[in-house]
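Novice:
2 protein chains.
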Amino acid sequence: MTAPASRVPDMLWYGWGVPDRQIHLPDSVTALLGQALGVHPSPPRAEPDVRLAESALPPDAAGALAAVVGAGHVRTGDDVRLLHSGGKSTIDLLRRRRDHPVLDAPDAVVLPADHAQVLAVLAACARHGVAVVPFGGGTSVVGGVEPARGRFAAVITLDLRRLDRLIAVDAESATATLQPGLKAPEAESLLADHGLTLGHYPQSFEHATIGGFAATRSSGQSSAGYGRFDDLVVALRVATPAGELCLGRAPASAAGPDLRQLFLGSEGAFGVITEVTVRVRPVPPTQLDEAWWFPDFGAGATALRRLAQADALPAIARLSDEAETAVNAALSGPAGAPPGGPAAAPAVPAGGTLAITGYEGTAEAVAARRSAATAILAGAGGMPLPEPAAAGWRAGRFAAPYLRDGLLDAGALVETLETATSWSALPALYAAVRAAVTGTLTGQGTPPLVLCHISHVYPTGASLYFTVVAAVAADPIAQWQATKRAAGDAITSHGATISHHHAVGTDHRGWMTAEVGDLGVAVLRAVKATVDPAGILNPGKLLPPEP
Amino acid sequence: MTAPASRVPDMLWYGWGVPDRQIHLPDSVTALLGQALGVHPSPPRAEPDVRLAESALPPDAAGALAAVVGAGHVRTGDDVRLLHSGGKSTIDLLRRRRDHPVLDAPDAVVLPADHAQVLAVLAACARHGVAVVPFGGGTSVVGGVEPARGRFAAVITLDLRRLDRLIAVDAESATATLQPGLKAPEAESLLADHGLTLGHYPQSFEHATIGGFAATRSSGQSSAGYGRFDDLVVALRVATPAGELCLGRAPASAAGPDLRQLFLGSEGAFGVITEVTVRVRPVPPTQLDEAWWFPDFGAGATALRRLAQADALPAIARLSDEAETAVNAALSGPAGAPPGGPAAAPAVPAGGTLAITGYEGTAEAVAARRSAATAILAGAGGMPLPEPAAAGWRAGRFAAPYLRDGLLDAGALVETLETATSWSALPALYAAVRAAVTGTLTGQGTPPLVLCHISHVYPTGASLYFTVVAAVAADPIAQWQATKRAAGDAITSHGATISHHHAVGTDHRGWMTAEVGDLGVAVLRAVKATVDPAGILNPGKLLPPEP
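Protein sequences appear in the order of chains A and B.
Heads up: the first sequence is residues 531 to 1077, going by the working numbering.
Heads up: the second sequence is residues 531 to 1077, going by the working numbering.
1. According to a CB-to-CB cut-off of less than 9 Å, which residues of the segment 982–1009 of chain B neighbour chain A?
2. Using a beta-carbon distance below 8 Å, is A769(B) in contact with chain A?
3. Does DSSP put M541(B) in a helix, a strand or coil?
4. What does the Cβ neighbour count give for S558(B), buried or exposed, with the cut at 16 atoms within 10 Å?
5. What's the gap between the Cα of D1062(A) and the Cα of D694(A)?
6. Hey, G888(A) and A833(A): beta-carbon distance below 8 Å or not?
7. Measure the C-alpha to C-alpha separation of P864(A) and G926(A) and round it to an integer number of angstroms.
8. Return yes when at least one heavy atom of the ligand MN lies under 7 Å from the C-beta of T1027(B), else no.
9. Which runs of the beta strand (DSSP E), 3 residues or longer, sit entirely within the segment 1015–1063 of chain A?
10. In the segment 740–751 of chain B, which residues sit with their C-beta less than 8 Å from some C-beta in chain A, listed in chain order?
11. Tell me which residues share the same chain as E676(B) and place their Cβ nearer than 6 Å to its Cβ, disregarding the 5 neighbours each side in the sequence.
12. Straight-line CA distance for I1007(A) to V639(B)?
13. Verify the CB distance criterion: does P781(A) have a CB-CB separation below 8 Å to chain B?
14. If distances are taken between C-alpha atoms only, which option among L818(B), A920(B), P715(B) comes closest to S536(B)?
15. If you drop the 5 nearest sequence neighbours on each side, which residues of the same chain put their C-beta closer than 7 Å to that of I984(B)?
16. Could you tell me which whole alpha helix (DSSP H) segments of length 4 or greater appear in the segment 769–854 of chain B?
17. Might you give, ordered along the chain, the residues of its own chain that have their beta carbon closer than 6 Å to the beta carbon of V768(A), omitting 5 neighbours on each side?
18. Give, in chain order, every unbroken run of the alpha helix (DSSP H) that is at least 4 residues long and sits entirely within the segment 645–673 of chain A.
19. What's the gap between the Cα of G871(A) and the Cα of A592(A)?
20. What does a CB cutoff of less than 8 Å around P787(A) pick up in its chain, not counting 5 residues either side in sequence?
21. Answer yes or no: does any C-beta atom of chain A fall closer than 8 Å to that of W822(B)?
22. Using a Cβ cut-off of 8 Å (strictly closer), state whether V1061(B) contacts chain A.
23. Determine, using beta carbons only, whether M541(B) comes closer than 8 Å to chain A.
24. Identify the contact partners of C776(B) in chain A, using a Cβ-Cβ distance below 8 Å as the criterion.
25. What are the residues in the segment 783–794 of chain B lying within 9 Å of chain A by C-beta distance?
26. Does the separation of the CB atoms of T669(A) and A738(A) fall below 8 Å?
27. Just curious, the alpha helix (DSSP H) that T620(B) is in, first and last residue?
28. Provide the residue span of the beta strand (DSSP E) that contains A643(B), from first to last.
29. How big is the Cα-Cα spacing for R758(A) and T949(A)?
30. Could you check where the beta strand (DSSP E) with P931(A) kicks off and where it finishes?
31. Using a Cβ cut-off of 8 Å, which residues of the segment 696–712 of chain A contact any Cβ in chain B, in chain order?
32. I'd like the list of long-range same chain contacts for D1048(B), defined as Cβ closer than 8 Å, with 5 residues on each side in sequence excluded.
33. Let's see if you can read the secondary structure: which residues bound the alpha helix (DSSP H) around I906(A)?
34. What residues of chain A sit near M1042(B), judged by a beta carbon separation below 9 Å?
35. Spatial neighbours of E820(B) within its chain, please: CB distance less than 7 Å, with the 5 preceding and 5 following residues excluded, ordered by chain position.
36. Using 8 Å as the limit for Cβ to Cβ distance, is P868(B) near chain A?
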């Protein structure tokens, strides 16, 4: 059992990340936002003057929890509760940025030390009728860590930061067993001591946790090479109010349904993941990023599809549409150092779309894979671009959430949403979501800029990731909720999934019946009733409201 | 919707496959069996003089079923019922080979035409209290199609042979939608008309169905290149007594738990799979098999592990242990034409172990993959063998079940069992299963020959597939049951899975609590109660007996 040498700091409660990385948009960009979208600069941001509802944790419950984790690990101070008052969706941030906000917060933040304490905390909460919100990095953008109490009088947030160990490395089997509270950079640092990597780099990488990756079916920027997080999971240990589960006894099994797949994506509503055994790989000695230009989004998508179907994908394969390509080119200064965002291209021909490809592995493997991929990309009409284009993407690849804060500061509404479907259905889905978002926001008097990229590519289909920017309306929360509703309806009515990697949380639960049908929802409820008979786990997430 | 041009014939009821492919062991082999294992030749086989319990289907149930599928598709004749009296485990065959056997059989065999009829049959059976055994190819070797009636007065077998269409091909998305009653060769033939293949070739290929592959998490001989069947499934349509489920809206999703993974491996106990959408690939223009010799099983396993961990696996990668290598060498005549079995090697050096590798794809892809793999195999101490060794394996790769019939005819007990675990745990598991099998059979006065191969290879571990041959004892069914019990206990006590690709059925259900724990079993029961409230679906399979 090894703990990380240093810990990742907590994020700002009213924005993303840490203070010294905050982005202030250059005047040229704010001027452009004004011209293009009618964004009116807002007054400079100060830390909001927040108030929290008082802690309502009954004393007997508090005592029972303290008996499990120690009194010092049941935290009821406003500072700690504020840090657990929700996730990082734009709506979360808008709520916190209001004048004198009054925020929902958990009645206590409880910090268990290990699996046994998690089990005991869940048992105590079930006994005392206290809702439990499992909490990793707090990076959810779908309301997944909302401190909702459901039908209970009190709610605690179960912060897993003390479960922060690398439990075991099995180098021969290429697996590592990790505790859920490890932040991704901490896990990578511990694995690097063994020459190993998970290779899982979602945009939330700098603050997200191992447990969160598993509970939300995270997908990283190198998913084409390393697989989605759920692909990497060999075994899970889960604590539930009804006891524990140890799932995954082999690299593959025909011993009935794969129950790991019920807890991957269970978002804290079925249990608390306390150990994750994952496939690991040697730290790649070689890494090579390249940028490619395609005349249009369709041509670039065809190139990515051919790569996937030829089993010739680079580790990273992504493609911005025309709008995103143009905006990123405009955002990147003449020095080619962009403030962030999905892609940046200082030397892109006017028009067209930009793809980023990234190769990782031994020098020989990279050379072989690059050679095969290059032939396919060029054959599909791609044109390789000079190096800075790809370097710009890598430099800014975790910066988009900081850019969002800067845009919110500048008086813009900005949010993302994502989905996935089969290749043949992708063009219609793309058009439908753009139309829904554009129509709804234009109807509210705030015509948007809608950017899109393909970030995850499979032989049978791909994801679409949309970024929406508009001027804020009088009620920006209602403004976005209406937009999101239209986008979600467009997604589900086109047969696509309501989330490729953001998960369900509170924001997508209304579409779960469209996603899995009435009987699918009934199955999910039956599973929950078995592992969480009192219904204390993460109320209001994952499952649609009871009819 | 396209139906196959011709149908695969039914199998012999008391053995595997079709009459003209039956194998009669040469006298040299029977003599060897006598010398080595004390096998006494039994009298020549004649078709057993069988009797079935009479059909007990109540007339009102029969009428309700006839109203759904038409009277001609509710079959109660002994010939049809006999063909559905169970699967193809050695115990199944021993039961049928007894003198004047009296066999359990379904009270009727019902043949629905489509999804709607399956739903209606399930509803009718739930209403009338009739158990339902879904039936594809009838190739189960774990009692998965046993006509058990559970607590019901009657049981029907739901034979899905009329759901035999290729519903759709989406060439752009590289997927095809198939009905479950298609036999694998029929499905391959329909896909070949589009230049496509599933690439799924388990040993049961010639008689197994698409629905069965999904319901049992089948794994084919080319799994290293094409993936297990569950990896290939993009979407499922399932009929249950509680209604239907359509699962799978994208190549990947974070919209909660993956419910497809509850129905893959559900073995007819949760519903009837009526449509399967799978990834397909172009028929490979190039196919190349090779054989490699390794000084011992450990060295060969290390080579396969390195291939998997370097993402350099051929489409086929398998390795026989010393015993299996020697037996296959002995079985293959001087002409190099073996009667079947997992591997055959006319030109293997004495001692050591034989691996088979197979490459598939474009000529360039095969060349590149072969070059990378060859370096790893040679680097791990492997020695390439002349071509006939691999050709022998391919020629006999579906023949092992015929060889089993021949061995049973010759008076031998022969059966297989399989498992999987991590690479680091593989040597101890191998030793433990061998010891359990050898100890149990030796203790019964019938010391066995135990052969093993690795047939499915992953970065984090591999499967072990054991073949056991011994002289029959007075009660061969009890003889094998004791052996199987010892092997299963060794497998689960070593942390391995009770089945890598044979599934659970009746034979493995006793180990399901070891596999997923009490709470895992409770979750499975809750799912079943939701989709099958009356409990009519495949009684006695998958779930352990109620405590």
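Ideal Cβ positions, reconstructed from N, Cα and C, are used throughout, including at glycine.
Specialist: To lay it out plainly:
1. H986, V987, Y988, P989, T990, G991, A992, S993
2. Here the question's residue 769(B) lines up with position 239 in the second sequence. It does not; no Cβ of chain A falls within 8 Å.
3. For the purposes of this step, residue 541(B) is taken as the residue at position 11 of the second sequence. M541(B) falls in the coil class under three-state DSSP.
4. Against the second sequence, residue 558(B) aligns to sequence position 28. Exposed, because fewer than 16 other Cβ atoms sit within 10 Å of the Cβ of S558(B).
5. Locating residue 1062(A) in the first sequence gives position 532, counting from the first residue. Locating residue 694(A) in the first sequence gives position 164, counting from the first residue. Each residue's alpha carbon lies about 25 Å from the other.
6. As a first step, residue 888(A) must be located in the first sequence, where it is residue number 358. As a first step, residue 833(A) must be located in the first sequence, where it is residue number 303. Not in contact: G888(A) and A833(A) (Cβ atoms no closer than 8 Å).
7. Taking the first sequence and counting its residues from 1, one reaches residue 864(A) at position 334. Taking the first sequence and counting its residues from 1, one reaches residue 926(A) at position 396. Only weak support is given to the placement of P864(A): the predicted model assigns it a pLDDT of 43, under 50, and the value that follows is read from those uncertain coordinates. Note on geometry: alpha-carbon atoms of P864(A) and G926(A) lie some 16 Å from one another.
8. Judged by which ligands are present, the structure shown has none, so any question about the ligand MN falls away.
9. Under the rule that a run must span 3 or more residues, no beta strand (DSSP E) segment is found entirely inside the segment 1015–1063 of chain A.
10. T746, R747, S748, S749
11. Start at 1 with the first residue of the second sequence, and residue 676(B) comes out as number 146. G616, T1036.
12. Walking along the first sequence from the start, residue 1007(A) turns up at place 477. Walking along the second sequence from the start, residue 639(B) turns up at place 109. Whole-angstrom Cα-Cα distance: 59 Å.
13. In the first sequence, counting from the first residue as 1, residue 781(A) sits at position 251. At least one chain B Cβ lies under 8 Å of P781(A).
14. For the purposes of this step, residue 536(B) is identified with residue 6 of the second sequence, where counting begins at 1. Considering only alpha carbons, the answer is P715(B).
15. As a position in the second sequence, residue 984(B) is number 454, starting the count at 1. So the qualifying residues of the chain are A831, L834, R848, L849, A992, S993, L994.
16. 790–793, 827–839
17. Indexing the first sequence from 1 puts residue 768(A) at position 238. Same-chain partners within the cutoff: L775, F793, G801, I803.
18. 645–658
19. Here residue 871(A) refers to the residue found at position 341 of the first sequence. Here residue 592(A) refers to the residue found at position 62 of the first sequence. Below a pLDDT of 50, predicted positions are generally treated as unreliable, and G871(A), at 45, falls in that range; no measurement from the model is reported.
20. Here residue 787(A) corresponds to residue number 257 of the first sequence, with the count starting at 1. For P787(A), where only same-chain residues beyond five positions count, there are no Cβ hits under 8 Å.
21. As a first step, residue 822(B) must be located in the second sequence, where it is residue number 292. So, not an interface residue.
22. Position 531 of the second sequence, counting from 1, holds the residue named residue 1061(B). Yes, because at least one Cβ of chain A sits closer than 8 Å to the Cβ of V1061(B).
23. Residue mapping note: residue 541(B) aligns to position 11 of the second sequence, counting from 1. So no, M541(B) is outside the interface.
24. Counting from 1 along the second sequence, the entry for residue 776(B) is found at position 246. Simply G1047.
25. S783, A784, A785, G786, P787, D788, L789, R790, Q791, L792, F793, L794
26. On the first sequence, position 139 is the one that residue 669(A) refers to. On the first sequence, position 208 is the one that residue 738(A) refers to. It is a contact, given that the beta carbons lie within the stated cut-off.
27. Along the second sequence, read from residue 1 onward, the residue named residue 620(B) stands at position 90. From DSSP, the alpha helix (DSSP H) with T620(B) extends over 620–627.
28. Numbered from 1 along the second sequence, position 113 holds the residue referred to as residue 643(B). That residue, A643(B), is in no beta strand (DSSP E); it is neither H nor E in DSSP.
29. Against the first sequence, residue 758(A) aligns to sequence position 228. Against the first sequence, residue 949(A) aligns to sequence position 419. Approximately 15 Å, taken between the alpha carbons.
30. On the first sequence, position 401 is the one that residue 931(A) refers to. Run containing P931(A): none in the beta strand (DSSP E); it sits in the alpha helix (DSSP H), 930–939.
31. Answer in chain order: D700, E702, S703, A704, T705.
32. What you label residue 1048(B) is simply residue 518 of the second sequence in a count that begins at 1. Setting aside the 5 residues that flank it on each side, D1048(B) has no residue in the same chain whose C-beta is closer than 8 Å to its C-beta.
33. Mapped onto the first sequence, residue 906(A) falls at position 376. It spans 893–909 - the alpha helix (DSSP H) in which I906(A) sits, taken as one unbroken run.
34. Here the question's residue 1042(B) lines up with position 512 in the second sequence. The contacting residues are A785, G786.
35. What you label residue 820(B) is simply residue 290 of the second sequence in a count that begins at 1. For E820(B), same chain residues with a beta-carbon under 7 Å away, outside a window of 5 residues either side, are T887, P914, A920 in chain order.
36. Locating residue 868(B) in the second sequence gives position 338, where the first residue counts as 1. The predicted position of P868(B) is uncertain, since its pLDDT is 41 and thus under 50; a value taken from the coordinates is nonetheless stated next. Output row for P868(B): interface = no.
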